[in-house]
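Q: Can you keep this structure in mind? I'll have questions shortly.
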Amino acid sequence: MQNEDKVKRSYAQKLMPCYSIEYVDKCLSHAKVIHFNEQIDLYSSIRASAISSGYCLGSCNWQLDINVNHNQTSKIETSSSQSNLTRFIYMSSSTTLETYSTKFNYDSFINCDYLLLSNLCPLSTIDASINGPELTKKIENILNDHGSVLIPCSSTGLIFEMFEFLTNYFEQINLLNIHMYFISPISNANLSISNAMSEWVTEQRQIASFSGTPPFKHNELIKTKCLITIPSDRLDDTETLINFEQPSIIFTGHISLRFGPIVQLIEKMKTSSSNGIIFVDNQYSYIDALKPYQPINMKCFYLPIDTR
Numbered sequence: 049m050q051n052e053d054k055v056k057r058s059y060a061q062k063l064m065p066c067y068s069i070e071y072v073d074k075c076l077s078h079a080k081v082i083h084f085n086e087q088i089d090l091y092s093s094i095r096a097s098a099i100s101s102g103y104c105l106g107s108c109n110w111q112l113d114i115n116v117n118h119n120q121t122s123k124i125e126t127s128s129s130q131s132n133l134t135r136f137i138y139m140s141s142s143t144t145l146e147t148y149s150t151k152f153n154y155d156s157f158i159n160c161d162y163l164l165l166s167n168l169c170p171l172s173t174i175d176a177s178i179n180g181p182e183l184t185k186k187i188e189n190i191l192n193d194h195g196s197v198l199i200p201c202s203s204t205g206l207i208f209e210m211f212e213f214l215t216n217y218f219e220q221i222n223l224l225n226i227h228m229y230f231i232s233p234i235s236n237a238n239l240s241i242s243n244a245m246s247e248w249v250t251e252q253r254q255i256a257s258f259s260g261t262p263p264f265k266h267n268e269l270i271k272t273k274c275l276i277t278i279p280s281d282r283l284d285d286t287e288t289l290i291n292f293e294q295p296s297i298i299f300t301g302h303i304s305l306r307f308g309p310i311v312q313l314i315e316k317m318k319t320s321s322s323n324g325i326i327f328v329d330n331q332y333s334y335i336d337a338l339k340p341y342q343p344i345n346m347k348c349f350y351l352p353i354d355t356r
């Protein structure tokens, strides 16, 4: 049975890639990078701009001002009559809550003619202000029991806030020297690029960035080795994994628990009742996600944090 599990894990990690890095780079070379609130003209009759959605770093909603006068083929001018323009807004993941991102832009919605909604929160009962304190309490209990916490998550979005949120909490309760691990193929690149995206963060963080202070606390955490980034390829396909400091908090994916470093980590940690896994993402059923790993002794909690 152990050999069978080992073969499955090895197979999952060695699947043939769909695209090469060269192919991806070639594709991305055709993409145009635009700045926050920058306006670009499309097909002479459409003006597009990215407006802040407030959800996460780099997230945006799209505003399209469309010239409905079919006889006019010239580009949209700033002085064009509003009667000739129709405003279409594509609204993706958005939040009006206070996060590290630039605040949600309301102004563009005032004269909106058509609104396309996507990525809405599926559960209106999710309250981040309630699950946040509950999350920290569960983590504290596991750490005090000399166990480690596994948090399935994506490599962007909520994770930036989780680093700071938990660090501030540990300082308040004097729970020091807790190591946090961020395991992802792009862990280092993701944290590095966040320092260069000051236009997408709050005004307070922008001021700090312009004065030479990193906008996020994870820079300090990396220097003090409280936050340790690990590329996914450092986890081999054997049962001998990296020796993590115990107790610790481990952030990794995939949130479905079907592939990625988390598959190995669950197998390693599930035998101890001192360890715990906490689901903060509501995209997948945590009950279904855990089925292949039964029996499981580690503590399991579902505390979705969705700011949408």
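Take any residue in the sequence shown, count from 1 to its spot, add 48: that is its number in my numbering.
For glycine and all other residues, C-beta sits at the position ideal for the given N, C-alpha and C.
Remember, it's a predicted structure, so these values are computed and weren't measured experimentally.
Buried or exposed: P181, going by 16 or more other Cβ atoms within 10 Å of its Cβ?
A: The residue is exposed, with fewer than 16 neighbouring Cβ atoms inside 10 Å.
Q: Can a CB atom of chain D be found closer than 8 angstroms to the CB of S100?
A: Protein chains in the displayed structure number just one, and chain D is not present.
Q: For P233, verify whether its CB is less than 7 angstroms away from any heavy atom of the ligand MN.
A: For the ligand MN, the structure offers nothing, since it holds no ligand at all.
Q: Does the contact criterion of 3 or more C-beta pairs under 8 angstroms hold for the region 135 to 153 versus the region 94 to 112?
A: Because the criterion of three Cβ pairs below 8 angstroms is met, the region 135 to 153 and the region 94 to 112 touch.
Q: Using three-state DSSP, classify S257 as helix, strand or coil.
A: Residue state, collapsed to three classes: helix.
Q: Which residues mark the beginning and the end of the alpha helix (DSSP H) in which P215 is found?
A: Reading off the sequence shown, one finds Thr at residue 215, where the question assumed Pro. From DSSP, the alpha helix (DSSP H) with T215 extends over 206 to 220.
Q: Measuring alpha carbon to alpha carbon, tell me which residue in L191, N192, I314 is nearest N345.
A: The shortest Cα separation from N345 among L191, N192, I314 belongs to I314.
Q: Report back the beta-carbon spacing between P343 and F327 to the nearest angstrom; my notes put them in contact at under 8 angstroms.
A: About 18 angstroms; that fails the 8 angstroms criterion.
Q: State the DSSP-derived secondary structure class of S127, mapped to helix, strand or coil.
A: Note that S127 scores 44 on pLDDT, short of 50, meaning its location in the model is unreliable and no value can be drawn from it.
Q: Is P340 buried or exposed, if buried means 16 or more other CB atoms sit within 10 Å of its CB?
A: With fewer than 16 other Cβ atoms within 10 Å, it is exposed.
Q: What do you get for V116, buried or exposed, if any count of 16 or more other CB atoms within 10 angstroms of its CB means buried?
A: Answer is exposed; the Cβ neighbour count stays below 16.
Q: Enumerated in chain order, which unbroken segments of the alpha helix (DSSP H) with a length of 4 residues or greater are wholly contained in the region 75 to 158?
A: Counting only runs of 4 or more, we get nothing.
Q: Could you check where the beta strand (DSSP E) with L338 kicks off and where it finishes?
A: It is not in any beta strand (DSSP E) - L338 instead sits in the alpha helix (DSSP H) that spans 334 to 338.
Q: Are T184 and L165 close, meaning C-beta to C-beta below 8 angstroms?
A: Their beta carbons are not under 8 angstroms apart, which means T184 does not touch L165 by this criterion.
Q: Which partner residues does F349 have in the DSSP bridge list?
A: DSSP lists I326 as partners of F349.
Q: What residue range does the alpha helix (DSSP H) around H227 cover?
A: From DSSP, H227 is part of no alpha helix (DSSP H) but of the beta strand (DSSP E) over 227 to 231.
Q: Who does P200 pair with in a DSSP beta bridge?
A: P200 pairs with T300.
Q: Is it buried or exposed for I207, if we count other Cβ within 10 angstroms and need 16 for buried?
A: Classification of I207: buried, given that the 10 Å Cβ count is 16 or more.
Q: Taking the DSSP output, what are the residues bridged to T277?
A: For T277, which the question treats as bridged, DSSP gives the partners F230.
Q: Mind reading off the beta-carbon distance from G301 to S240? Whole number of angstroms is fine, and I expect it under 8 angstroms.
A: Not really, about 19 angstroms apart at Cβ, beyond 8 angstroms.
Q: Out of curiosity, what's the CA-to-CA distance linking S68 and L133?
A: About 43 angstroms.
Q: Just to confirm the assignment, what range does the beta strand (DSSP E) spanning L165 have?
A: 162 to 165 is the span of the beta strand (DSSP E), which, as asked, contains L165.
Q: Thinking just about the alpha-carbon of each residue, which of G205, L90, K74, S232 is nearest to the one in I114?
A: Of the listed residues, the one whose Cα sits closest to I114 is L90.
Q: Just the C-alpha distance for W110 and M139, rounded to the nearest angstrom, thanks.
A: Cα to Cα, W110 sits roughly 7 angstroms from M139.
Q: Tell me, which residues are paired with V249 by DSSP?
A: Answer is S149, bridged to V249.
Q: Should the region 241 to 258 be regarded as contacting the region 186 to 202, the criterion being three or more beta carbon pairs within less than 8 angstroms?
A: Because the criterion of three Cβ pairs below 8 angstroms is not met, the region 241 to 258 and the region 186 to 202 do not touch.
Q: If I measure Cβ to Cβ from Q254 and keep anything under 6 angstroms in the same chain, skipping five residues before and after, which residues do I get?
A: Contacts found: S246.
Q: Would you mind stating whether V249 and S156 have Cβ atoms separated by less than 8 angstroms?
A: Cβ atoms of V249 and S156: not closer than 8 angstroms.
Q: Can you tell me where the alpha helix (DSSP H) with N267 in it begins and where it stops?
A: Unbroken alpha helix (DSSP H) run through N267: 266 to 271.
Q: To the nearest angstrom, how far is it from the Cα of T204 to the Cα of A79?
A: The alpha-carbon atoms of T204 and A79 are separated by roughly 20 angstroms.
Q: Excluding sequence positions up to five away, which residues of its chain have a Cβ less than 6 angstroms from the Cβ of E293?
A: Contacts found: H227.
Q: Answer yes or no: do F299 and Y229 have a C-beta to C-beta separation smaller than 8 angstroms?
A: It is a contact, given that the beta carbons lie within the stated cut-off.
Q: Once the 5 residues before and after L77 are set aside, which same chain residues still bring their CB inside 7 angstroms of it?
A: Leu is not the amino acid found at residue 77; the sequence shown has Ser there. None.
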